[in-house]
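S.K.: Here it is: the structure, laid out below.
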Amino acid sequence: MADRQVCLSGTGLTKVFGFGRQKTVAVDHVDFKFYESEVVSIVGESGSGKTTLAKMLLGLLTPTEGEIYFQGQKRDISTQRKRKEYWKNIQAIFQDPFSSYNIFNKIDAVLLDCIYMRGGRRLPQAQKVALMTEACGFVNLKFEELTNKYPFELSGGQMQRLMIARIFLLKPKILIADEPTSMIDACSRATILDMLMQLRDEIGMTLIFITHDIGLAYYVSDSVYIMERGKIVEHGSADEVILNPKEAYTRRLISDVPKIYEEWDLSTV
Amino acid sequence: MKHTLHQIFHSGKFVLGFCIFIVILLIVMVYPVLFPYPPLAIIGQGTFFAPGIYVNAYDSVHAPKYTLNLEDAAAKRIASRLSEDDRVAMQEWLVGYGIPQGEIDINDTAQLLGLWNTHYDPKAQIPGLTNAKRNYYIRLDTALEGLLATEDAVIAVKNPETGALEAQGTIAQSDYVNVGQVANVRFLPLGTDNFGRDILTQLVAATRVSLQIGFVAGIIATLIGLTLGLLAGYIGGLVDDVIMFITNLFTVIPSFVLLILISFSIGQERRGAVTVAIVIGFTSWVWTTRAVRAQVVSLRNRDHVNLSKLSGHSIVHIILNDILPYIASYVVMALILQISSGILSEAGLSILGLGPRTTEVPTLGLMMNWAMIYQAYVLGKWWAYLPVLITIALITFSMNLMNTGLDQVFNPALRD
Amino acid sequence: MGKILLDVRDLSTKYVTRFQENVYAVDHVSLQVEEGKALGIAGESGCGKSTLALSLMGYYFPPLHYISGDIIVDGRNISRMDPDDVRRLILGREIAYIPQAAMNALNPTQKVISFIEDVIRVHDLGSSKREIYERARILFQTLGLPENVLQKYPVELSGGMKQRTVIAVAVLLSPKVLIADEPSSALDVTSQKMVIKMLMRLMEDGLVRSLIFITHELPLLYNVTDDIMVMYAGQIVEKGTAKEVVFDPLHPYAKGLMGSIIVPEEGVRGVKLTAIPGAPPNLKNPPSGCRFADRCKYVQPACRVTAVNLRELPNGRAYRCIFSEEELREAYRNG
Numbered sequence: 618m619a620d621r622q623v624c625l626s627g628t629g630l631t632k633v634f635g636f637g638r639q640k641t642v643a644v645d646h647v648d649f650k651f652y653e654s655e656v657v658s659i660v661g662e663s664g665s666g667k668t669t670l671a672k673m674l675l676g677l678l679t680p681t682e683g684e685i686y687f688q689g690q691k692r693d694i695s696t697q698r699k700r701k702e703y704w705k706n707i708q709a710i711f712q713d714p715f716s717s718y719n720i721f722n723k724i725d726a727v728l729l730d731c732i733y734m735r736g737g738r739r740l741p742q743a744q745k746v747a748l749m750t751e752a753c754g755f756v757n758l759k760f761e762e763l764t765n766k767y768p769f770e771l772s773g774g775q776m777q778r779l780m781i782a783r784i785f786l787l788k789p790k791i792l793i794a795d796e797p798t799s800m801i802d803a804c805s806r807a808t809i810l811d812m813l814m815q816l817r818d819e820i821g822m823t824l825i826f827i828t829h830d831i832g833l834a835y836y837v838s839d840s841v842y843i844m845e846r847g848k849i850v851e852h853g854s855a856d857e858v859i860l861n862p863k864e865a866y867t868r869r870l871i872s873d874v875p876k877i878y879e880e881w882d883l884s885t886v
Numbered sequence: 026m027k028h029t030l031h032q033i034f035h036s037g038k039f040v041l042g043f044c045i046f047i048v049i050l051l052i053v054m055v056y057p058v059l060f061p062y063p064p065l066a067i068i069g070q071g072t073f074f075a076p077g078i079y080v081n082a083y084d085s086v087h088a089p090k091y092t093l094n095l096e097d098a099a100a101k102r103i104a105s106r107l108s109e110d111d112r113v114a115m116q117e118w119l120v121g122y123g124i125p126q127g128e129i130d131i132n133d134t135a136q137l138l139g140l141w142n143t144h145y146d147p148k149a150q151i152p153g154l155t156n157a158k159r160n161y162y163i164r165l166d167t168a169l170e171g172l173l174a175t176e177d178a179v180i181a182v183k184n185p186e187t188g189a190l191e192a193q194g195t196i197a198q199s200d201y202v203n204v205g206q207v208a209n210v211r212f213l214p215l216g217t218d219n220f221g222r223d224i225l226t227q228l229v230a231a232t233r234v235s236l237q238i239g240f241v242a243g244i245i246a247t248l249i250g251l252t253l254g255l256l257a258g259y260i261g262g263l264v265d266d267v268i269m270f271i272t273n274l275f276t277v278i279p280s281f282v283l284l285i286l287i288s289f290s291i292g293q294e295r296r297g298a299v300t301v302a303i304v305i306g307f308t309s310w311v312w313t314t315r316a317v318r319a320q321v322v323s324l325r326n327r328d329h330v331n332l333s334k335l336s337g338h339s340i341v342h343i344i345l346n347d348i349l350p351y352i353a354s355y356v357v358m359a360l361i362l363q364i365s366s367g368i369l370s371e372a373g374l375s376i377l378g379l380g381p382r383t384t385e386v387p388t389l390g391l392m393m394n395w396a397m398i399y400q401a402y403v404l405g406k407w408w409a410y411l412p413v414l415i416t417i418a419l420i421t422f423s424m425n426l427m428n429t430g431l432d433q434v435f436n437p438a439l440r441d
Numbered sequence: 011m012g013k014i015l016l017d018v019r020d021l022s023t024k025y026v027t028r029f030q031e032n033v034y035a036v037d038h039v040s041l042q043v044e045e046g047k048a049l050g051i052a053g054e055s056g057c058g059k060s061t062l063a064l065s066l067m068g069y070y071f072p073p074l075h076y077i078s079g080d081i082i083v084d085g086r087n088i089s090r091m092d093p094d095d096v097r098r099l100i101l102g103r104e105i106a107y108i109p110q111a112a113m114n115a116l117n118p119t120q121k122v123i124s125f126i127e128d129v130i131r132v133h134d135l136g137s138s139k140r141e142i143y144e145r146a147r148i149l150f151q152t153l154g155l156p157e158n159v160l161q162k163y164p165v166e167l168s169g170g171m172k173q174r175t176v177i178a179v180a181v182l183l184s185p186k187v188l189i190a191d192e193p194s195s196a197l198d199v200t201s202q203k204m205v206i207k208m209l210m211r212l213m214e215d216g217l218v219r220s221l222i223f224i225t226h227e228l229p230l231l232y233n234v235t236d237d238i239m240v241m242y243a244g245q246i247v248e249k250g251t252a253k254e255v256v257f258d259p260l261h262p263y264a265k266g267l268m269g270s271i272i273v274p275e276e277g278v279r280g281v282k283l284t285a286i287p288g289a290p291p292n293l294k295n296p297p298s299g300c301r302f303a304d305r306c307k308y309v310q311p312a313c314r315v316t317a318v319n320l321r322e323l324p325n326g327r328a329y330r331c332i333f334s335e336e337e338l339r340e341a342y343r344n345g
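Residue numbers (the working numbering), protein chains in the order written: chain A, 618 to 886; chain B, 26 to 441; chain C, 11 to 345.
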């Protein structure tokens, strides 16, 4: 596919925490290319550096080494204004919906922030409400029932859907979803994934899943990156990586996951 | 918010502490309105008058008299002038003089006095009698004069022309005056201090000033600690290193020593109550800084803060909206402790004589200082220092109770 | 058919909250576990599966309270026994229980061996330190755990090793039934596999004679257990062999649950996942009719009227729905 535009890429991206004897290399010279409107998964076990990588992509952590390119340009987030501009293009959904919200702010404030971010501060009140109602409607929530409520009055699944409503309002180019379904029930998981996919189709954003669940990565993504101890050990299309893994680590990771159609080989550990 | 308040007032510890504190506060506010005495006016000539009701003797002579025939009046009068020890001493003298011990009944006042009046001679040689003892017997003899008298006392006024005494009236032994009808009565529940000042009035005024010092010092310390802690914790990096370096420096130097040095260098003249409060505030922010920083560091990487960043909020907005509310309960608790330690610091400074220099307002510490200088402890004048001690203890106790109560509400791990 | 080791009949238990409200977390649950078999219990969070595990031990302490029913362990009814006797005679010997996040319950200031000593002493098997050590060593050897773990502190062990240690300690007294509540959920896949392998080995070696395995991870349950029970809102809604329940679920809730399985296998991509809207009912005041009615695609007015009973099929399966087997299959075929 020659017409695919690279949306976000990185070369030699490295993050080192601490120094001297306590030095830990969380992300170690990582290269990647994420294309526009594709679904990417970064898969790794805990401690593989996938969350650190996500935070660097989001601009919440400064890389120790290496460069990130956004839409072909070297990313520049040196000032608050530039950061704000960057964050209009890249957004995130976090793992734990219960800690993602400021418990002192009402739901309205969460959604209004998004409208303001897209320059809607001067809009008339009725139009703001219409926007918020539309966003809530997209994720099957009723704004009339949510207004003047606090996020902690919702269930985990509802909170995560509200997060998606937030993204719906912001319409970023890239969404990083850090284990968005690991803390919610299997039945709500399908809903969340459906909504994310639908949102991607609607606004054509690049969706980056950060996950430890190789099954989920296979199910949702176009391409998959496997991370082990800060390094990307294998990447390619989902079918290539999951069904015909080349690296020993990937093979082990896949064989360790319980299957239902094939025999789960317990002798390998 | 409402729910939190509800929970707070369900905590027994907090409510007890709060009640004690409110009672102290009410007394401090209401007392000066009801009794507008100047707190440092010297009213007594002499030191350490015991607590009691002081009735003007001159006025009571002229007050209307009532006759009350009370059975035990005579006995009480005698007992107040002739104590049990005196009776034993008299018996001792008489035995030494040569009266057989069997003939003396020390409980029969009339017989004892009869024997005494017949035999007592200040010049008599009693074996083993020291000079001090001899003087004591002379004083006792004078005091006993007229003890059994039943006649009225005569009030006489000096005639300005002749200089002769003219009888104006008599006071019978069964005469009483109604205290309410005496023009001048002063109730001194806690007596007077070494300068002859009313201790209760002074104590109330001192509590007020000490609370003010505590509040000013506590608020200053908390503000400094909160600001530095927030900055160090949230911004991190070099800012954190610099702030923590300074903080650690202050931690190592005992703050009380620092306090003493600063108070001393300010000099006597400029050391008012507010100055001392500020000095205390500027030397006690260290622990608040460290505690706030620790809390902020753990909050800094929480997802809701990240989300706020991604929403394009400025550092100030994030600190005020996403960090501060989460540590507010903690800061309130720190403030309460800072206030109570501010009061204690002032007391500590003043005892050393480095407290506020003042002629209008006392502080709790100054009262302790005066009591110490004039040796109230040694002389057993408990009213000069015990009420002050109790007040300081009550204030700090009530604040610590409130703190523990809040801790239980905000820290679920401590709930029972 | 093997000997039935654990026979539970109509067990109901409840929680009493701080505000004296009753939460009916386990409602008339019956189950049998045969010797040599593993029974799986599946369900979402809050469906009562962990409470069931706790209730099965017959050891109740506030806020959990017993209401009715029988628990028969190897022929002995323990549901009305004195709690102290249950603790002394049943727990550890007849039934062993591994709670969720058990690995975090290890005392960080105690070596593993002194923890084992404590466990053995509580069951007054007064033996010397040497004997206990020898016994622990043999057990660890059998289970393929390194012997030096015994002399280590919990912080020195990895998560997987801690969990395996806890399981080893739980089976120290060779219990007849082992109840494992989410024993591998907090672990990464490799450690999870090791824990599962160890559980399988315990069964093979006869250190435990039957297993009750509780998890929300269906692929795992499918691989470990012989039979699966699906719980919803405190009740059993479906029962059958692992294969039947996973590939041919009858109850609409079980159908939804199985439709949300994701595994990294060919043919999974592109298959639409089933989503069940809504949330489980509040168990303080459960609905009188079918508890799943509010979320069910196929709901009928009759569903909400009276409680729906568990239908037992001749082949040993059971499900709680007013529709017949054929009607349900027909409905699923039409989507």
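Ideal placement from N, C-alpha and C gives every residue a C-beta, glycine not left out.
Mind checking if K701/A is an interface residue toward chain B, Cβ cutoff 8 angstroms exclusive?
M.R.: So, interface residue.
S.K.: Going residue by residue through the region 81 to 130 of chain B, where are the continuous beta strand (DSSP E) segments of at least 3 residues, counting only ones entirely within it?
M.R.: If we require 3 residues or more, the beta strand (DSSP E) runs fully inside the region 81 to 130 of chain B come out as 90 to 92.
S.K.: Which ranges would you report for the beta strand (DSSP E) in the region 178 to 237 of chain B if only whole runs of at least 3 residues count?
M.R.: With a minimum length of 3 residues, the continuous beta strand (DSSP E) runs that stay inside the region 178 to 237 of chain B are 178 to 183, 190 to 196, 200 to 202 and 210 to 213.
S.K.: Using a Cβ cut-off of 8 angstroms (strictly closer), state whether S280/B contacts chain A.
M.R.: Output row for S280/B: interface = no.
S.K.: Mind checking if S323/B is an interface residue toward chain A, Cβ cutoff 8 angstroms exclusive?
M.R.: No, because no Cβ of chain A sits closer than 8 angstroms to the Cβ of S323/B.
S.K.: Using a cut-off of 7 angstroms between C-beta atoms, extract the partners of L283/C located in chain A.
M.R.: Neighbours of L283/C on chain A, chain order: A807 and L810.
S.K.: For a cutoff of 8 angstroms on Cβ pairs, would you count K294/C as touching chain A?
M.R.: No, K294/C lies away from the interface with chain A (no Cβ there is under 8 angstroms from its Cβ).
S.K.: Classify F687/A as helix, strand or coil using the three-state DSSP reduction.
M.R.: In the structure shown, F687/A sits in a strand (DSSP, three-state: E or B).
S.K.: Using 8 angstroms as the limit for Cβ to Cβ distance, is Y836/A near chain C?
M.R.: Cβ-Cβ to chain C under 8 angstroms: yes for Y836/A.
S.K.: When you compare the CB of Y232/C with every CB in chain A, is at least one pair closer than 8 angstroms?
M.R.: True, the Cβ-Cβ gap to chain A drops below 8 angstroms.
S.K.: Is the region 400 to 412 of chain B touching the region 265 to 279 of chain B, taking contact as three or more C-beta pairs under 8 angstroms?
M.R.: They do not touch, by the three-pair rule.
S.K.: Against chain B, does L677/A count as a neighbour if the rule is that its beta carbon must be under 8 angstroms from one of theirs?
M.R.: Yes, L677/A lies at the interface with chain B (some Cβ there is under 8 angstroms from its Cβ).
S.K.: Would P73/C and L116/C be called neighbours here (beta carbons separated by less than 8 angstroms)?
M.R.: Not a contact, by the Cβ cut-off of 8 angstroms.
S.K.: By alpha-carbon positions, which one of L675/A, F636/A and T631/A ends up nearest to G666/A?
M.R.: Of the listed residues, the one whose Cα sits closest to G666/A is T631/A.
S.K.: Give me the residue from K101/B, N132/B and A104/B with the minimum Cα distance to Q116/B.
M.R.: Ranking the options by Cα distance to Q116/B, first place goes to N132/B.
S.K.: If we require 4 or more residues per run, which alpha helix (DSSP H) segments fall completely within the region 727 to 793 of chain A?
M.R.: Counting whole runs of 4 or more residues, the region 727 to 793 of chain A contains the alpha helix (DSSP H) stretches 742 to 755, 760 to 763 and 773 to 787.
S.K.: Find the nearest neighbour of V210/B within the set S323/B, D130/B, A88/B and D218/B, judged by alpha-carbon distance.
M.R.: Of the candidates S323/B, D130/B, A88/B and D218/B, the one whose C-alpha sits nearest the C-alpha of V210/B is A88/B.
S.K.: Can you look up K186/C in the DSSP assignment and give me helix, strand or coil?
M.R.: Three-state DSSP puts K186/C in coil, outside helix and strand.
S.K.: Under 7 angstroms, CB to CB, which of the residues in the region 55 to 80 of chain C have a partner in chain A?
M.R.: Residues passing the 7 angstroms Cβ filter: S55.
S.K.: Check whether chain A comes within 8 angstroms of P297/C, counting only Cβ atoms and requiring the distance to be less than that.
M.R.: No, no contact with chain A.
S.K.: Return the residue from the list R868/A, G832/A and I694/A that minimises the CA-CA distance to V278/C.
M.R.: Nearest option by C-alpha distance: G832/A.
S.K.: For a contact defined as C-beta to C-beta under 8 angstroms, what are the partners of Y718/A on chain B?
M.R.: Ordered by position in chain B, the residues that pass the 8 angstroms Cβ test against Y718/A are H329 and L332.
S.K.: Name the DSSP beta bridge partners of V656/A, please?
M.R.: Answer by DSSP bridge pairing, in chain order: L824/A.
S.K.: How many whole angstroms separate the CB atoms of E104/C and S220/C, which I take to be in contact at a CB cut-off of 8 angstroms?
M.R.: Actually they do not touch by this definition, with Cβ atoms about 11 angstroms apart.
S.K.: Candidates T152/C, H226/C and K172/C: which alpha carbon is nearest M213/C's?
M.R.: Of the listed residues, the one whose Cα sits closest to M213/C is T152/C.
S.K.: Do the region 164 to 182 of chain B and the region 132 to 145 of chain B touch if we need at least three Cβ pairs shorter than 8 angstroms?
M.R.: With the cut-off at 8 angstroms, the region 164 to 182 of chain B and the region 132 to 145 of chain B touch.
S.K.: Out of A709/A, R700/A and V837/A, which has the shortest C-alpha to C-alpha gap to A807/A?
M.R.: Ranking the options by Cα distance to A807/A, first place goes to V837/A.
S.K.: Does the ligand GDP have even one heavy atom less than 7 angstroms from the beta-carbon of D304/C?
M.R.: No copy of the ligand GDP appears in this structure; indeed no ligand is present at all.
S.K.: Beta carbon of T628/A, beta carbon of E684/A: below 8 angstroms?
M.R.: Closer than 8 angstroms, so yes.
S.K.: Can you list, in chain order, the residues of its chain whose CB lies under 7 angstroms from that of Y342/C, leaving out five sequence neighbours each side?
M.R.: Same-chain partners within the cutoff: K265.
S.K.: Excluding the 5 residues preceding and the 5 following S36/B in the sequence, name in chain order all residues of the same chain whose CB lies nearer than 6 angstroms to its CB.
M.R.: So the qualifying residues of the chain are G430, Q433 and V434.
S.K.: As an exercise, report each continuous alpha helix (DSSP H) stretch of at least 4 residues that is fully enclosed by the region 357 to 433 of chain B, in chain order.
M.R.: Runs found: 389 to 398 and 401 to 404.
S.K.: May I ask which residues mark the beginning and end of the beta strand (DSSP E) holding A35/C?
M.R.: Element bounds for A35/C: N32 to E44.
S.K.: Check whether chain B comes within 8 angstroms of W704/A, counting only Cβ atoms and requiring the distance to be less than that.
M.R.: Chain B, which has a Cβ nearer than 8 angstroms to the Cβ of W704/A, makes this yes.
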